[in-house]
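If you read the sequence shown in our numbering, its first letter stands for residue 5, the second for the next number, and so on. Ideal Cβ placement from N, Cα and C applies to all residues, glycine included. What follows is one structure encoded as structure tokens, with my remarks underneath.
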Amino acid sequence: MTLGRMALRTCKLLSSSSHFASMQPSTPLFSRQISMEAKGFTARLNSSGLLRTQGLIGGRWTDAYDGKTIEVYNPATGEVVANVPCMGGRETNDAISSAYDAFHSWSKLTAAERSKCLRKWYDLLIAHKEELGQLITLEQGKPLKEAIGEVAYGSSFIEFFAEEAKRVYGDIIPSTLADRRLFVLKQPVGVVGAITPWNFPLAMITRKVGPALACGCTVVIKPSELTPLTALAAAELSLQAGIPPGAVNVVMGNASDIGDALLASPQVRKITFTGSTAVGKKLMAGSAGTVKKVSLELGGNAPCIIFNDADLDVAVKGTLAAKFRNSGQTCVCANRVIVQEGIYEKFANAFANAVQNLQVGDGFSEGVAQGPLINEAAVQKVESFVQDAISKGAKVLLGGKRHSLGMTFYEPTVIGDVKNEMLISREEVFGPVAPLLRFKTEEEAIRIANDTNAGLAAYIFTTNVQRSWRVCEALEYGLVGVNEGLISTEVAPFGGVKQSGLGREGSKYGMDEYLEMKYVCLGNMNSN
Ligand code: NAP
């Protein structure tokens, strides 16, 4: 959690004052209209049974043992949507025990039986995609269409891994001795602690829980305190799907206490984490005490390279998608748009024109493409990066300041003449700001692109086939999009190299993260 967020959010016995109290919207009427609409959604969600506001431990909806709660806000209005329990170590230990007990029966089911439960869960997620999308917009802020898109994407992991559950094959190894037979069995790793961020409140959970359950593992999920409601609704649907109590547990609240309990427990055999690199490193170090398996999906610093020979329309469309999805708040968002000098002016103009057309507003309003940033700390980070760039000679081509809507809305921004030494090129801006950098040669582009500790996603735009192969091979990244800005899918392996993480999610490779290999040697075969 960032310091800003820590300062703003604490557990309390009774909720009252607003997290956004110091940030009066500059257009109060607008804010009131949204609030009426959001209230309508909340009421409908409540009646559908999907607005769950307690943690889930061993199949029971549970409050924090000391009664403390945290408020969940609508980032578009600053209003409190719900109060959820502020849990800590004790609740987490009980969730771990429930998951441990459930592991013995869940892992003993046949793959086909587990597959059926997952398929049912997928069907329910899709049947409720509108409500789940509304929940995502309510607590995370992304436009409703994009939120419903996340539900389809997030659910696809449950469908895919329902199918993969039936394909966990072992091996028979030709023996070196005539009286022996050698086998490899693949078995579930055990109880999994899954810690997830706020930017994809559903998909970051299903990408972990889908393969974990498919392999026979059970899970303790810790969603972000900023977006727990989607996680709780998905957990409710998992129960309705017949996934047994204890197989899926959800705790939320005091992140470091929950994290410490997961790390300390010898019953937790795997930590899977998506979030910031700083927290990922802490969890990796903390896992050493009990030597857990670890998967980390951490921050990126994606280069998006536009070559002189790129198709301009394709490059503009692809960069727009890679940069501005979720208002720039994704780990695979283009963080540095690196443009060859021959196409720089043309690209900068066409791109700024396209960005200008992005409508900013509350995610529930028709036609909105850019919602608010998640909180005040996120806006302050964007502001400081933009100021640093300007003070070092970068030029604002579009935007460059808070939006007149107030709250945490920020203008979609394009900045030219950015250098790779500036803060905005060194770290994830995680906001709707596209910095443009110039380069002369292919070698220079590759050097700039690889000049970072991150290695998650990269994008290139070129019509030269040989160049696309050469550059793809030279880029030190886990994912590369060629002439395409949206590349994530459940069927392909997602993950980073260098300090962007360990392991892969999605695809057939995503199963290995939740399996152990057991070598069995059957000897003395020649005796009766
Ligand atoms: P974050 O601050 O690291 O939080 C991620 C999760 O870790 C949250 O649930 C958070 O809880 C929890 N957490 C924080 N401190 C912890 C601790 N000491 N022990 C255990 N858990 C702890 O990251 P974020 O700001 O939510 O997410 C943005 C980051 O995620 C960006 O860097 C982005 O690039 C990265 N990300 C990566 C991927 C990928 O696939 N590589 C995908 C999406 C996002 P609370 O929220 O309750 O504090």
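Proximity of the beta carbon of Phe-498 to the ligand NAP is indicated: a heavy atom of the ligand is located closer than 7 Å.
In this structure, the beta-carbon distance from Pro-497 to Gly-485 does not fall below 8 Å. Close CB contacts of Ser-228 within its chain, under the 7 Å cut and outside five residues either way in sequence, are with Thr-200, Pro-201, Trp-202 (chain order). Distances from the alpha-carbon of Ser-299 to those of Thr-281, Asn-305, Ile-309 put Thr-281 closest. In the displayed model, Gln-374 falls within a strand according to three-state DSSP. Leu-490 is classed as exposed because its beta carbon has fewer than 16 other beta carbons within 10 Å across all chains shown. By a beta-carbon distance limit of 8 Å, Gly-435 does not contact Val-495. Their separation comes to about 30 Å. Annotation: Ala-319 to Val-84 spans about 40 Å, alpha carbon to alpha carbon. Residue environment analysis places Gln-333 among the buried positions, since at least 16 neighbouring C-beta atoms fall within 10 angstroms of its C-beta.
Between Val-390 and Ile-419, the C-beta spacing is below 8 Å.
Looking at the DSSP output, Gly-304 sits in no beta bridge, so it has no partner there. The DSSP-derived three-state label of Asp-105 is helix. Taken through DSSP and simplified to helix, strand or coil, Ser-299 comes out as strand. When rounded, the separation of the alpha-carbon atoms in Lys-396 and Tyr-481 is 28 Å. In the assembly as shown, Glu-447 is an exposed residue. Its beta-carbon has fewer than 16 other beta-carbons within 10 Å. Pairwise C-beta distances place the segment 237–245 out of contact with the segment 264–272, as fewer than three of them are shorter than 8 Å.
Residue range 84–89 is occupied by the beta strand (DSSP E) that includes Pro-89, with no alpha helix (DSSP H) assigned at that position. Using a Cβ distance threshold of 8 Å, Phe-45 and Gln-138 count as a contacting pair.
A check of alpha carbon separations from Gln-58 across Ile-74, Ser-52, Arg-48 identifies Ile-74 as the nearest.
The continuous beta strand (DSSP E) containing Tyr-523 extends over residues 519–526. Setting aside the 5 residues that flank it on each side, Ala-156 is surrounded in the same chain by Lys-133, each with a C-beta closer than 7 Å to its C-beta; the list follows chain order. Phe-355 sits in a helix when the DSSP states are folded into three classes. Pro-89 is classed as buried because its beta carbon has at least 16 other beta carbons within 10 Å across all chains shown. In the displayed model, Thr-294 falls within a helix according to three-state DSSP. Distances between the C-beta of Gly-82 and the heavy atoms of the ligand NAP are all 7 Å or more. Here the segment 60–71 makes contact with the segment 93–111; the two share three or more CB pairs at distances below 8 Å. Judged by DSSP in its simplified three-state form, Lys-226 adopts strand. Secondary structure note for Asp-175: its beta strand (DSSP E) is the uninterrupted segment 175–177.
By alpha-carbon distance to Tyr-173, the top candidate from Asn-528, Cys-525, Glu-520, Val-196 is Glu-520. In the DSSP annotation of this structure, the continuous segment of the alpha helix (DSSP H) that includes Asn-454 starts and ends at 446–454. Beta-bridge pairing by DSSP links Leu-441 to Ile-342. By the neighbour-count criterion, in which a residue is buried when 16 or more other Cβ atoms sit within 10 angstroms of its Cβ, Ile-309 is buried. CA-CA distance, Leu-324 to Asp-366, rounds to 20 Å. At a threshold of 7 Å, Phe-434 counts as near the ligand NAP, since its beta carbon sits closer than that to one of the ligand's heavy atoms. A direct Cα-Cα distance of roughly 20 Å separates Asn-50 from Val-255.
At least one heavy atom of the ligand NAP sits closer than 7 Å to the Cβ of Cys-335.
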